[in-house]
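Start counting the sequence shown at 1; every next residue gets the next number (full-length UniProt numbering). The C-beta atom is built at its ideal place from N, Cα and C for all residues, glycine as well. Computed from a prediction, not measured in an experiment: that's the story for all the values here. Remarks on the structure that follows.
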Amino acid sequence: MTSSVSSFLDDIYKQSKQLEDAPEPPKIYSKKVLSNRTNSKILAYQKKHIINMISMILENGIALDSSDTGTGKTYIAIAICIELGKRPIIVCPKTLIYNWLSVCEYFDLKPYEIVNYETIRTGKSYTDSRFVNRMDSPFVKLEGYDPDRIKKNIYEWTVPDDAMVIFDEAHRCKSVNSDNGKLLISVKQLMDVKIPILLVSATIYEKTLDMKIPSYLFGKISDTRKYNYYVKNLTHRYPNLSVRKRDYAEKTSYETAKSNANSMMIREEIKRFTGRIRIKELGDKFPQNQVYGQSFIADSPEKISQLFHEIKQHMEELRSKQKTSRNSLARIQKLRQEIEMRKSPIFIEQANLLLDDGKSVIIFVNYIKTLEFLQAKLNIKCVIRGGQGPERMTHIEKFQSNEERIIICQVKSGGTGVNLNDFSALGSYPRAVLINYPDSASDLIQALGRAYRSGTTSPVLQKIIFVANVDYEKKIMENINKKLSNISGINDGDLNVFKYQIKKVEKS
Numbered sequence: 001m002t003s004s005v006s007s008f009l010d011d012i013y014k015q016s017k018q019l020e021d022a023p024e025p026p027k028i029y030s031k032k033v034l035s036n037r038t039n040s041k042i043l044a045y046q047k048k049h050i051i052n053m054i055s056m057i058l059e060n061g062i063a064l065d066s067s068d069t070g071t072g073k074t075y076i077a078i079a080i081c082i083e084l085g086k087r088p089i090i091v092c093p094k095t096l097i098y099n100w101l102s103v104c105e106y107f108d109l110k111p112y113e114i115v116n117y118e119t120i121r122t123g124k125s126y127t128d129s130r131f132v133n134r135m136d137s138p139f140v141k142l143e144g145y146d147p148d149r150i151k152k153n154i155y156e157w158t159v160p161d162d163a164m165v166i167f168d169e170a171h172r173c174k175s176v177n178s179d180n181g182k183l184l185i186s187v188k189q190l191m192d193v194k195i196p197i198l199l200v201s202a203t204i205y206e207k208t209l210d211m212k213i214p215s216y217l218f219g220k221i222s223d224t225r226k227y228n229y230y231v232k233n234l235t236h237r238y239p240n241l242s243v244r245k246r247d248y249a250e251k252t253s254y255e256t257a258k259s260n261a262n263s264m265m266i267r268e269e270i271k272r273f274t275g276r277i278r279i280k281e282l283g284d285k286f287p288q289n290q291v292y293g294q295s296f297i298a299d300s301p302e303k304i305s306q307l308f309h310e311i312k313q314h315m316e317e318l319r320s321k322q323k324t325s326r327n328s329l330a331r332i333q334k335l336r337q338e339i340e341m342r343k344s345p346i347f348i349e350q351a352n353l354l355l356d357d358g359k360s361v362i363i364f365v366n367y368i369k370t371l372e373f374l375q376a377k378l379n380i381k382c383v384i385r386g387g388q389g390p391e392r393m394t395h396i397e398k399f400q401s402n403e404e405r406i407i408i409c410q411v412k413s414g415g416t417g418v419n420l421n422d423f424s425a426l427g428s429y430p431r432a433v434l435i436n437y438p439d440s441a442s443d444l445i446q447a448l449g450r451a452y453r454s455g456t457t458s459p460v461l462q463k464i465i466f467v468a469n470v471d472y473e474k475k476i477m478e479n480i481n482k483k484l485s486n487i488s489g490i491n492d493g494d495l496n497v498f499k500y501q502i503k504k505v506e507k508s
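Next up, the structure:
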């Protein structure tokens with residue numbers, strides 16, 4: 001980095017600190033203490049953030065929660081609804097539907113709607129909590145619907161007065177030309193009639209153009225087509241952040257400095273609308289190792305249930321010795337392999353979300369067929385599996401040196417004798433682990449110990465993946481959560497260390 005760029009970044013940092021130290025505007029949310037209903041359900045470090053987010057919504061009609069992954073944005077969003085006396089309409093990726101449903105159940109709040117982007121942007125909703133069959137949405141209609149020209153559709157919202165609309169993973173709505181972007185733009189009509197909007201995303205801003213739609217909703221521009229002119233003229237408002245091309249010998253240095261300056265100016269513009277919990281500022285208030293079972297929507301849950309039922313039948317035959325053990329055990333393994341393969345779309349979407357969020361991702365699966373499929377789909381270059389020679393250590397070293405940001409392991413091969421923790425000086429590469437539960441509890445514990453180890457410099461997020469609406473998986477998930485709590489109770493004397501366990505949600 002050239003000295004001019006370094007000096008410029010130093011100036012930006014000093015100005016940013018001065019702005020952060022300036023007196024905060026008066027809070028307009030009169031309550032300083034949250035209700036007992038909310039207070040008993042959230043963590044201590046979330047309370048002030050919830051109050052600040054409510055103040056922003058009351059003042060502006062919209063707010064963006066850009067908190068770090070793992071800080072509980074889903075729980076915070078539902079807590080905000082409760083405090084404001086609102087019932088949510090939640091738009092999210094399909095695999096996260098069940099997570100939102102579970103959190104609503106945790107708070108004993110019935111949402112108006114939980115629906116994925118692909119469904120609601122065609123004017124549809126789900127008929128029940130199995131999230132399979134669709135019907136016309138009672139809240140969003142398409143004016144002039146043409147299936148061959150969907151980008152030209154206009155969305156018309158009609159929602160109850162006590163509704164609040166939540167867009168989860170709002171960075172999926174960055175482009176004004178995308179269907180998701182047009183859907184997000186359309187909520188301006190809800191803001192005009194005082195329906196609150198909450199955007200949830202830890203990664204909504206990667207480049208200047210990403211803030212075009214939020215800037216429109218925040219009232220900074222009257223039309224998204226005016227965004228470039230708006231950004232160009234921000235230098236008049238923030239002259240100290242102005243960048244002159246003649247001050248830089250290299251074009252790349254100038255472009256880097258200009259991009260950084262734009263980021264700082266936009267940050268100042270949107271700070272009244274944005275709240276954020278940063279893990280590195282929480283110290284020991286934030287758990288260093290979050291482990292929990294989480295359910296996701298999968299394609300064909302009925303087929304997965306059928307496969308589990310076949311496993312149950314084979315197990316019963318084994319107990320009654322109706323068939324030879326060798327044939328039955330082989331069939332059971334084949335059925336389990338198929339179940340794991342049917343979970344692969346969940347692993348693909350979750351891995352991509354975590355990578356976008358700046359995490360280094362570790363995937364544990366049980367079967368080679370699944371491993372090879374995910375390796376191809378995610379373009380994974382680092383693999384730990386049985387039968388490896390010297391390349392095993394080469395793959396580990398590439399991941400540990402952060403040359404590669406994702407590694408996939410077979411549980412039996414990668415669950416022991418492997419260090420995959422972040423030991424960077426500043427904790428710059430936090431680990432996220434996605435696990436398909438193995439047959440053995442001890443194998444699971446070993447896999448959970450690869451990323452969270454002595455010397456780890458950043459918090460670890462570990463998810464054990466389950467399929468929603470499959471009773472067999474729910475029972476397994478409940479058993480694993482119990483075992484995790486038992487382990488915590490024995491080791492730490494704390495049975496509530498995994499506070500955010502996913503509870504069983506009854507069908508409506």
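query	result
By a C-beta neighbour count over all protein chains shown, 10 Å radius and 16 as the cutoff for buried, is Tyr229 buried or exposed?	exposed
In the structure shown, what three-state DSSP assignment does Gly70 receive?	coil
Using a threshold of 8 angstroms, state whether the C-beta atoms of Leu217 and Lys245 are closer than that.	no
Within 10 Å of its beta-carbon, does Asn39 have 16 or more other beta-carbons around it, so buried, or fewer, so exposed?	exposed
Would you kindly report the start and end of the unbroken alpha helix (DSSP H) that includes Ala257?	Lys251 to Ile270
Let me make sure I understand the geometry here. Which of Met56, Lys280 and Ile120 has the alpha-carbon closest to that of Lys90?	It should be noted that the sequence gives Ile, not Lys, for residue 90. Checked all of Met56, Lys280 and Ile120; the closest Cα to Ile90 is Ile120.
Using DSSP with H/G/I as helix, E/B as strand and the rest coil, what is Ser295?	strand
Check whether the Cβ atoms of Ser125 and Val132 sit closer than 8 angstroms, and answer yes or no.	no
Using the Cβ count rule (16 or more neighbours within 10 Å means buried), how would you classify Asp223?	exposed
What does the alpha-carbon distance come out to for the pair Lys207 and Glu250?	21 angstroms
So, helix, strand or coil for Pro88, using DSSP?	strand
Would Asn327 be called buried (16 or more neighbouring beta carbons within 10 Å of its own) or exposed?	exposed
Could you tell me how far apart the beta carbons of Ile346 and Ile304 are, in whole angstroms, since I believe they sit closer than 8 angstroms?	No, Ile346 and Ile304 are not in contact; Cβ-Cβ is about 11 angstroms, not under 8 angstroms.
Might you give, ordered along the chain, the residues of its own chain that have their beta carbon closer than 8 angstroms to the beta carbon of Glu42, omitting 5 neighbours on each side?	At residue 42 the sequence reads Ile, which differs from the Glu that was named. Closer than 8 angstroms at Cβ, skipping near neighbours: Leu34, Ile50, Gly72, Tyr75, Ile76 and Ala79.
Identify whether Lys47 lies in helix, strand or coil by the three-state DSSP scheme.	helix
Assess, as a yes-or-no matter, whether the segment 400-411 is touched by the segment 378-385 under the definition of 3 or more beta carbon pairs within less than 8 angstroms.	yes
Would you please state the rounded distance, in angstroms, between the beta carbons of Asp65 and Gly275? I believe it to be under 8 angstroms.	6 angstroms
I'd like to know if the segment 252-264 and the segment 54-68 are in contact, where contact means that at least 3 CB-CB pairs between them fall below 8 angstroms.	no
Would residue 530 and Asn366 qualify as a contact pair, given that the criterion is a beta-carbon distance under 8 angstroms?	Beyond the ends of the chain as shown, which are 1 and 508, falls residue 530; an answer cannot be given.
Mark residue 536 as exposed unless 16 or more other C-beta atoms lie within 10 angstroms of its C-beta, in which case mark it buried.	Absent from the structure is residue 536, since the part of the chain shown begins at 1 and ends at 508.
Answer yes or no: do Lys86 and Pro214 have a C-beta to C-beta separation smaller than 8 angstroms?	no
Residues in the same chain with beta-carbon distance under 8 angstroms from Asn419, minus the five sequence neighbours each way, listed in chain order, please.	Ile396, Gln400, Arg450 and Arg453
What does the alpha-carbon distance come out to for the pair Pro26 and Phe273?	For Pro26, the pLDDT reaches just 41, beneath the cut-off of 50, and the residue's location in the model is therefore unreliable, leaving the point undetermined.
Which parts of the UniProt domain "Helicase C-terminal" (347-498) are runs of the alpha helix (DSSP H), unbroken and 4 residues or longer, counting only runs that do not cross its ends?	368-377, 391-400, 411-414, 441-448 and 471-492
State the start and end residues of the unbroken beta strand (DSSP E) segment that holds Val115.	Glu113 to Asn116
Nearest-angstrom Cα distance between Met191 and Ser259?	31 angstroms
I'd like to check one pair, Gly70 with Ile279: are the Cβ atoms closer than 8 angstroms?	yes
What does DSSP give as the partner residues of Lys141 in its beta bridges?	Glu156
Within its chain, find whatever has a CB closer than 8 angstroms to the CB of Glu83; leave out the 5 residues flanking it on each side and keep chain order.	Lys31, Leu34, Ser35, Thr38, Ile50 and Ile54
Below 8 angstroms, can you find three or more Cβ-Cβ pairs linking the segment 103-113 to the segment 288-305?	no
Going along the chain, which residues of its own chain have a beta-carbon closer than 6 angstroms to the beta-carbon of Arg342, five neighbours each way excluded?	Ile304
So what does Gly275 bridge to, in DSSP terms?	Asp65
Can you tell me the Cα-Cα spacing of Pro459 and Glu143, whole angstroms?	47 angstroms
Buried or exposed for Ala44, please, with buried defined as at least 16 other CB atoms from any protein chain shown within 10 angstroms of its CB.	exposed
Can you tell me where the beta strand (DSSP E) with Val187 in it begins and where it stops?	Neither: Val187 is in no beta strand (DSSP E) and is coded neither H nor E.
In the structure shown, what three-state DSSP assignment does Phe167 receive?	strand
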